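Colleague:
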Amino acid sequence: MKALSLATLVATACAAVICVAAPHAQNIGQTGARPPVTKAAAIAHFVGRAPFEGDPGGPAPIDILIERWSTDKERDDLAASFTKSGPDGLLTGLQGIRRRTGVLLHPGVQGAGARVRLRHPVNLLFAREVSTPKGRTVVFASDHVLALGKPAAEWPEPSEFSLLEVRIDADGKGEGKVAAAKEVAYNKTSKAFEIQNYASQPARLVDVRAEKSTKP
Numbered sequence: 650m651k652a653l654s655l656a657t658l659v660a661t662a663c664a665a666v667i668c669v670a671a672p673h674a675q676n677i678g679q680t681g682a683r684p685p686v687t688k689a690a691a692i693a694h695f696v697g698r699a700p701f702e703g704d705p706g707g708p709a710p711i712d713i714l715i716e717r718w719s720t721d722k723e724r725d726d727l728a729a730s731f732t733k734s735g736p737d738g739l740l741t742g743l744q745g746i747r748r749r750t751g752v753l754l755h756p757g758v759q760g761a762g763a764r765v766r767l768r769h770p771v772n773l774l775f776a777r778e779v780s781t782p783k784g785r786t787v788v789f790a791s792d793h794v795l796a797l798g799k800p801a802a803e804w805p806e807p808s809e810f811s812l813l814e815v816r817i818d819a820d821g822k823g824e825g826k827v828a829a830a831k832e833v834a835y836n837k838t839s840k841a842f843e844i845q846n847y848a849s850q851p852a853r854l855v856d857v858r859a860e861k862s863t864k865p
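For the sequence shown, the numbering used here assigns the number 865 to the last residue and increments by one with no breaks.
1. Whose CA, out of Glu843, Ala728, Glu716, Ile692, lies closest to the CA of Val788?
2. Can you give me the Cβ contacts of Thr644 inside the same chain, cut-off strictly under 8 Å, excluding the 5 residues immediately before and after it?
3. According to the neighbour-count rule (16 or more other Cβ atoms, all chains shown, within 10 Å of its Cβ), is Arg766 buried or exposed?
4. Specify, as a first and last residue, the run of the alpha helix (DSSP H) that Arg838 falls within.
5. Skipping 5 residues on each side, what residues in its chain have a beta carbon closer than 8 Å to that of Leu773?
6. Going by beta-carbon coordinates alone, are Tyr835 and Ala728 separated by less than 7 Å?
7. Hey, out of Leu854, Glu860, Ala859, whose CA is closest to Ala709's CA?
8. Can you check the region 685–755 for any alpha helix (DSSP H) of at least 4 residues that lies completely inside it and give the ranges in chain order?
9. In terms of DSSP beta bridges, what is Asp784 paired with?
10. Leaving aside the five residues before and after Val794 along the sequence, list all residues of the same chain whose C-beta is less than 7 Å from its C-beta, in chain order.
11. Here's a check: name, in chain order, each residue in its chain whose Cβ is nearer than 6 Å to the Cβ of Arg816, leaving out the five neighbours to either side.
12. Measure the Cβ-Cβ separation of Gly697 and Asp856 and say whether it is below 7 Å.
13. Going by DSSP in three states, Ala848 sits in which element: helix, strand or coil?
14. Which residue marks the beginning of the beta strand (DSSP E) containing Leu773, and which one marks its end?
15. Within 10 Å of its beta-carbon, does Arg777 have 16 or more other beta-carbons around it, so buried, or fewer, so exposed?
16. What would DSSP say about Lys826, mapped onto helix, strand or coil?
17. Skipping 5 residues on each side, what residues in its chain have a beta carbon closer than 7 Å to that of Asp818?
18. Quick check on the DSSP output: the beta strand (DSSP E) that includes Leu854 runs from which residue to which?
19. Identify which residue in Trp718, Asp726, Ala693, Ser780 has its Cα closest to the Cα of Gly839.
20. Between the Cα of Asp726 and the Cα atoms of Ser849, Leu739, Ile711, which residue gives the shortest distance?
21. Going by the beta-carbon positions, is the gap between His694 and Glu860 smaller than 7 Å?
22. According to DSSP, Val833 sits in a beta bridge with which residue or residues?
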């Protein structure tokens, strides 16, 4: 029997985590059930590393698998909620989306049992991509704090809007930064959500690149 390639093993592991672990995070609290777990193949796959606080082993691997891109209507509805209610409207508008766009996989607790070491999936409820003169910008949003760089056990449990903005240059290399609702702006010209004062924010995701999607 031929040995499996590293890429095949990684893809299999990611698929297993999505199918097995994602149902564990179905409850959304006050707003009802989370978007259902889908069996759709990823149409886009981004990988990067999060500088892991207190981890001598170096930055932790992060995978972002996109099952679908947010529609123009979802974008416009979220923008309208933001315009009407300010930062608080972002969480309300996001939780009104009934179908997730994908998942972000982050490391579990190292040095613990096998179950705890499993990579943890976080549902992404918004995902949009915009072409720029320097490359492209991809924006993701979740109703869970994206505490990249911290152990899974330290990620806050309460629902909170969190936006991840990834900027990828013409060479296909990029970095990502995370912001809470109060640090988010909506650009009416490009019709895109973005982080205020992006340049002054610390990088939470480095060495970002797009992998080949798993779509047939």
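The beta carbon of each residue, even a glycine, is placed where N, CA and C say it ideally should be.
For clarity, every value in this text was computed on a predicted model and none was experimentally measured.
Modeller: According to the structure data:
1. By 1-based counting over the sequence shown, the position of residue 788 is 139. When each option's Cα is compared against that of Val788, the closest is Glu843.
2. Nothing in the structure corresponds to residue 644, since the chain is present only between 650 and 865.
3. By 1-based counting over the sequence shown, the position of residue 766 is 117. Unreliable positioning characterises Arg766 in this predicted model, as indicated by a pLDDT of 49, which lies under 50. The coordinate reading is nonetheless provided below. Label assigned to Arg766: exposed.
4. Against the sequence shown, residue 838 aligns to sequence position 189. A small fix is needed here, since residue 838 is Thr in this sequence, not Arg. For Thr838, no alpha helix (DSSP H) segment is defined, and its DSSP state is neither H nor E.
5. In the sequence shown, counting from the first residue as 1, residue 773 sits at position 124. So the qualifying residues of the chain are Ile713, Ile715, Arg749, Thr750, Gly751, Val752, Leu753, Phe789, Ala790, Ser791.
6. Here residue 835 corresponds to residue number 186 of the sequence shown, with the count starting at 1. Here residue 728 corresponds to residue number 79 of the sequence shown, with the count starting at 1. A Cβ-Cβ contact shorter than 7 Å links Tyr835 with Ala728.
7. Within the sequence shown, the letter at position 60 stands for residue 709. Taking the Cα of Ala709 as reference, the smallest distance to any Cα among Leu854, Glu860, Ala859 is reached at Leu854.
8. Within the region 685–755, complete alpha helix (DSSP H) segments of at least 4 residues are found at 721–734, 736–744, given in chain order.
9. Stepping through the sequence shown from its first residue, residue 784 is reached at position 135. A small fix is needed here, since residue 784 is Gly in this sequence, not Asp. Beta-bridge pairing links Gly784 to Thr781, Asp818.
10. Position 145 of the sequence shown, counted from the start, is the residue given in the question as residue 794. Excluding residues within five positions, the ones whose Cβ falls inside 7 Å are Trp804, Pro805, Glu809, Ser811.
11. One-based indexing of the sequence shown puts residue 816 at position 167. A distance below 6 Å between beta-carbons, with the five flanking residues on each side excluded, links Arg816 to the following residues of its chain, in chain order: Thr786, Gly823.
12. For this step, residue 697 is matched to residue 48 along the sequence shown. For this step, residue 856 is matched to residue 207 along the sequence shown. Inclusion of Gly697 and Asp856 in the CB contact set at 7 Å is warranted, their separation being smaller than that value.
13. Within the sequence shown, the letter at position 199 stands for residue 848. Helix, per DSSP.
14. The residue labelled residue 773 in the question sits at position 124 within the sequence shown. First-last of the beta strand (DSSP E) with Leu773: 769–773.
15. By one-based count along the sequence shown, residue 777 stands at place 128. Sixteen is the threshold: when 16 or more other Cβ atoms of the shown chains lie within 10 Å of the Cβ of Arg777, as they do, the residue is buried.
16. For this step, residue 826 is matched to residue 177 along the sequence shown. Residue state, collapsed to three classes: strand.
17. In the sequence shown, residue 818 corresponds to position 169, counting from 1. Sequence-distant partners of Asp818 (beyond 5 residues in either direction) whose C-beta falls short of 7 Å from its own C-beta, in its chain, are Lys783, Gly784.
18. Looking up residue 854 in the sequence shown gives position 205. Segment 854–860, the beta strand (DSSP E) holding Leu854.
19. Stepping through the sequence shown from its first residue, residue 839 is reached at position 190. Looking at the sequence shown, residue 839 is not Gly but Ser. Ser839 has its Cα closest to that of Ser780, out of Trp718, Asp726, Ala693, Ser780.
20. Stepping through the sequence shown from its first residue, residue 726 is reached at position 77. Closest in alpha carbon position to Asp726, among Ser849, Leu739, Ile711, is Leu739.
21. Counting from 1 along the sequence shown, the entry for residue 694 is found at position 45. Counting from 1 along the sequence shown, the entry for residue 860 is found at position 211. Yes, these two residues count as a Cβ contact at 7 Å.
22. Here residue 833 corresponds to residue number 184 of the sequence shown, with the count starting at 1. Beta bridge pairing from DSSP links Val833 with Ile844.
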